Amino acid sequence: YRDNLLDTGRAVEIYEEALAASPNYLGAAVPLSELYVREERWESAAPLLHMLTERVEQEEDPAKQAELLFLIGRSKENLHEFDAALEAYEQSLSRRPGDAETLWALARLTMQRQKYDDAERYYNSVLGLLGDECSTEENIEIQMALGEIALATGRDEEALGYLEEAVALQPNNPEAQKNLSMAELFA
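All residue numbers for the sequence shown refer to the working numbering, where the first residue is 96 and numbers rise by one.
Right, dumping it as structure tokens:
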């Protein structure tokens with residue numbers, strides 16, 4: 096049985112069979128939804144989201160609640176249900192404050208939704224949380240996002256500082272150079 100579960104394809108089949116036999120069986124719904132999310136099978140994950148939401152309410156461990164809410168958020172985001180995704184991510188973060196993966200998800204999604212105040216707060220939280228452990232690529236992404244936020248909110252000089260930092264981190268990064276050149280036109 097364990098060998099079958101290590102085979103992802105077979106594990107999906109087993110969990111799907113278990114749910115067919117017992118449609119409300121959370122012991123199959125939760126791991127199956129995790130597999131669907133891991134395999135980016137968003138449409139397959141969608142019907143299980145209601146059960147996951149019920150499971151969150153039944154779960155007493157805040158860390159497990161946060162994990163389930165993150166799965167819900169990720170699925171909702173990929174189903175283009177952005178408000179529901181933001182709500183799930185925020186609930187996840189409230190149960191597991193300082194979780195880097197959730198902060199990244201919130202930073203990127205709020206940026207995409209042009210919720211600049213929230214995006215700036217989340218990107219700064221990621222930067223503060225990771226500190227020296229932040230990779231060059233992550234730091235460049237953060238600096239460029241903060242630069243874009245500053246430009247969008249009329250803080251041109253601040254934007255230049257962020258974008259100059261991104262270029263300083265990786266001088267041969269064409270996207271960072273392009274963004275800095277564009278910002279210099281507006282400053």
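We put the beta carbon where it would ideally sit given N, CA and C, even for glycine.
This one's a predicted model, so the numbers in the text were calculated from it and none came from an experiment.
Using CA atoms only, rank isn't needed, just tell me which of E252, Q207, A261 and E112 is closest to I237. Nearest in C-alpha terms to I237, of all of E252, Q207, A261 and E112, is A261.
Y211 and L198 look like a contact to me (Cβ under 8 Å); what is the Cβ gap, rounded to whole Å? In fact, because the Cβ distance is near 16 Å, the residues do not count as touching under 8 Å.
Please report how far the alpha carbon of S170 lies from the alpha carbon of I244, in whole angstroms. It is roughly 26 Å from the alpha-carbon of S170 to the alpha-carbon of I244.
For L144, collect the residues of the same chain with a Cβ closer than 8 Å to its Cβ; drop the 5 residues on either side in sequence, then sort them by chain order. S128, I167, S170 and K171
The stretch 132–142 touching the stretch 152–160, judged by at least three CB pairs closer than 8 Å: no
Using the rule of at least 16 other Cβ atoms within 10 Å of the residue's Cβ for burial, across every protein chain shown, is R190 buried or exposed? With 16 or more other Cβ atoms inside 10 Å of its own Cβ, R190 counts as buried.
Relative to the C-alpha of E182, which residue among G193, T148 and L241 is closest? Minimum Cα distance to E182 is reached at T148.
Distance, Cα to Cα, I235 vs Q265? 8 Å
In whole angstroms, what separates the C-alpha of A123 from that of L163? 14 Å
Is it the case that the CB of H175 approaches a heavy atom of the ligand GTP more closely than 6 Å? The ligand GTP is not part of this structure, which contains no ligands at all.
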